[in-house]
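Chains as they are written, first to last, in UniProt numbering: chain A, 1 to 238; chain B, 1 to 310. What follows is one structure encoded as structure tokens, with my remarks underneath.
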Amino acid sequence: MTALLEVEDLRVAYGKIEAVKGISFKVDAGEVVTLIGTNGAGKTTTLRTLSGLLKPVGGQIKFNGKSLKKIPAHNIVSLGLAHSPEGRHIFPRMTIEDNLRLGAFLRNDKPGIEKDIQRAYDLFPILGERRKQAAGTLSGGEQQMLAMGRALMSQPKLLMLDEPSMGLSPIMMQKIMATIAELKSQGTTILLVEQNAQAALSLADHGHVMEIGKIVLSGTGQDLLHDESVRKAYLGED
Amino acid sequence: MNELPQQLVNGLLLGSMYGLVAIGYTMVYGIVQLINFAHGEIFMTGAFGALTIYVYVLPDGTSMWIALPLMLIGAALVATTIAVGAERFAYRPLRNAPRLAPLITAIGLSLALQQAVWAWYPEAKSARTFPEIPGGPFEIGNVTIQTGDIFLLIAAPISMAFLAYFVMKTRTGRGMQATAQDPDTAKLMGINTDRIIVVAFALGAIFAAVGGVAYGLKYGQIDFRMGFILGLKAFTAAVLGGIGNIYGAMIGGVVLGIAETLATAYIADIPGMDKFGSQSWADVWAFVLLILVLLFRPQGLLGERVADRA
Chain A
1 MTALLEVEDL
11 RVAYGKIEAV
21 KGISFKVDAG
31 EVVTLIGTNG
41 AGKTTTLRTL
51 SGLLKPVGGQ
61 IKFNGKSLKK
71 IPAHNIVSLG
81 LAHSPEGRHI
91 FPRMTIEDNL
101 RLGAFLRNDK
111 PGIEKDIQRA
121 YDLFPILGER
131 RKQAAGTLSG
141 GEQQMLAMGR
151 ALMSQPKLLM
161 LDEPSMGLSP
171 IMMQKIMATI
181 AELKSQGTTI
191 LLVEQNAQAA
201 LSLADHGHVM
211 EIGKIVLSGT
221 GQDLLHDESV
231 RKAYLGED
Chain B
1 MNELPQQLVN
11 GLLLGSMYGL
21 VAIGYTMVYG
31 IVQLINFAHG
41 EIFMTGAFGA
51 LTIYVYVLPD
61 GTSMWIALPL
71 MLIGAALVAT
81 TIAVGAERFA
91 YRPLRNAPRL
101 APLITAIGLS
111 LALQQAVWAW
121 YPEAKSARTF
131 PEIPGGPFEI
141 GNVTIQTGDI
151 FLLIAAPISM
161 AFLAYFVMKT
171 RTGRGMQATA
181 QDPDTAKLMG
191 INTDRIIVVA
201 FALGAIFAAV
211 GGVAYGLKYG
221 QIDFRMGFIL
231 GLKAFTAAVL
241 GGIGNIYGAM
251 IGGVVLGIAE
261 TLATAYIADI
271 PGMDKFGSQS
281 WADVWAFVLL
291 ILVLLFRPQG
301 LLGERVADRA
């Protein structure tokens, strides 16, 4: 069986500076895979390359058996790869509902879109209560919910979440993580980038630790959670 | 002062013309943060496109009621072709260059278009006569509306309604809003932002072309320099209304048109100011208004605070 996403020896550079220096990993359908690591490890760069916003200088990306290297960003989402970007990037001057509709920009099945909007409101009731409100007025956690809901509107085969817990209160962070667990139990395939290693690894089937552009350690979520070097470096234990 | 209603109507008409051209500045700026200084020349070439249809394509003596729609199509075709060509071959290669590069390109393009019309359009070294709509001026109460202005009175609100519908209700319009707010994230939604940029240039050109025809009908003649001052005024209108905001462009245009008309009409009545009321001071008052707005409300009348772009 081939993996849903296969990344091989991926290299990405900003000018002469290589931010991702040849990483390889895969994501199977139905699993949650996480990339953890500190700031500047290349996690966000990796996701932005997968969704086509950045062009790799080398390596292969195969999604559903198809190479993504030559496909422009705006065509990648239609293949089933959705990206909830770091910093949320909701459209601030549009309403919550319009943000969700933009997530379904390429879909034509009106009843299906309405159903999925309802599903987003079931997943995040607060969004439903404020559907006519400008998205820029939401709190950080609510914006994160909207960004995730918007990414789901494209009915992705693979959902990429970049730092969903960034800048959130502990309570809001727990809520977001619980939602990711719920999506996982519904069978959504997720590639999760997180600085909160504890939360990410407890959810993930597989994890990869990135340091300055390379994957330095890989394993199942549980293995990494109990790995001594990971505990020291990322979970704050001496 | 029973001529005040007349002056207000004059200002409104002049301002609607500014507004039609301002839409192109504001739409392009909203999406690619480029001040397209060649937009005044897009307006000018639109007017020449309309003239070409009337003088060189249609048989002599064609009724204006048949000619006008065809002239509008000709104007829109010429203006759109030039604007889209400029985007594709002049601005797109500079998309990631420092901001100054496309700005200077725009100024260069503006001069090149003026000189091209001057050099190659038949008898365009001085002003050329624009066809007139037949029929006398219309009186409503004690307000007179010149025949040439009737077109503006009808075309400006229709254009604005069309634009509002397009931006708010169509898929491409929503893609445009998204691209203006956050281009990278718009791509993640599956929006082809390159195509959206072309649509913004094309739409701006169509409204400028309508403005160009309105100018010809209003003043009865067009020339290769007509886009320069009018372009500056329209740009002022766009900034006045809040650059990036399409409703702001129209409102900015109307406010500018009315302010300019009233200043020209009444400033000379103020004791000691009699020198400053002539038509040649109208441009000065328009730009004084711009400076005042920039001092006290830099984001423009309807503008968003720049901070929420971050």
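Cβ atoms here follow ideal geometry from the backbone N, Cα and C, with glycine treated the same way. Small disclaimer: the values here were computed from a predicted structure and weren't measured.
Minimum Cβ-Cβ distance from residue i to chain B less than 8 Å
i                 : result
HIS74 of chain A  : yes
LEU106 of chain A : yes
SER185 of chain A : no
VAL77 of chain A  : yes
PRO164 of chain A : no
PRO85 of chain A  : yes
LEU5 of chain A   : no
Simplified DSSP assignment, three categories, for residue i
i                 : result
ILE191 of chain B : coil
ALA13 of chain A  : strand
HIS89 of chain A  : coil
LYS233 of chain B : helix
ASP116 of chain A : helix
GLY136 of chain B : coil
THR95 of chain A  : strand
PHE124 of chain A : coil
ARG130 of chain A : coil
ALA22 of chain B  : helix
GLY61 of chain B  : coil
ARG128 of chain B : strand
ILE145 of chain B : strand
MET153 of chain A : coil
ASP227 of chain A : coil
GLN33 of chain B  : coil
LEU81 of chain A  : strand
ALA19 of chain A  : strand
ASP162 of chain A : strand
MET71 of chain B  : helix
beta-carbon residue i near the ligand FAD non-hydrogen atom, thresh 7 Å
i                 : result
TYR121 of chain B : As presented, the structure is devoid of all ligands, the ligand FAD included, so that no description of it is given.
Supposed close pair residue i, residue j - CB separation, criterion 8 Å
i                 : j                 : result
PRO98 of chain B  : TYR91 of chain B  : Their Cβ separation, rounded to whole angstroms, is 13 Å, which puts PRO98 of chain B and TYR91 of chain B out of contact at 8 Å.
GLY207 of chain A : LEU224 of chain A : 5 Å
LEU94 of chain B  : THR81 of chain B  : About 20 Å separates the two Cβ atoms, so there is no contact after all.
GLY216 of chain B : ILE222 of chain B : 5 Å
VAL12 of chain A  : THR49 of chain A  : 5 Å
LEU127 of chain A : LEU161 of chain A : Incorrect: roughly 17 Å between the Cβ atoms, too far for contact.
Chain A residues whose Cβ lies nearer than 7 Å to that of residue i
i                 : result
LYS187 of chain B : LEU53, ALA73 and HIS74
ASP184 of chain B : LEU53
Short CB-CB distance (under 8 Å) between residue i and chain A
i                 : result
THR193 of chain B : yes
VAL306 of chain B : Summary for VAL306 of chain B: the model assigns pLDDT 46, below 50, so the residue's position carries little reliability; its value from the coordinates is reported in the next sentence. Not one chain A Cβ lies under 8 Å of VAL306 of chain B.
ALA200 of chain B : no
ILE23 of chain B  : no
Chain-ordered chain B contacts of residue i [CB-CB under 7 Å]
i                 : result
GLY103 of chain A : MET189
Under 8 Å from the C-beta of residue i: neighbouring residues of chain B
i                : result
SER20 of chain A : The identity of residue 20 of chain A in the sequence shown is Val, whereas the question assumes Ser. The contacting residues do not exist; VAL20 of chain A stays about 18 Å from chain B at best.
Closer than 8 Å at the beta carbon, the chain A residues around residue i
i                 : result
GLN181 of chain B : PHE91, PRO92, ARG93 and MET94
Proximity test, Cβ basis, 8 Å: residue i and chain C
i                : result
LEU13 of chain B : Annotation note: the requested chain C is absent from the structure, which comprises protein chains A and B.
Can you give me, in chain order, the residues of the segment 151-180 of chain B that have a beta carbon less than 8 Å from any beta carbon in chain A? Contact annotation: in the segment 151-180 of chain B, residues whose CB is within less than 8 Å of a CB in chain A are ARG171, ARG174, GLY175, GLN177 and ALA178.
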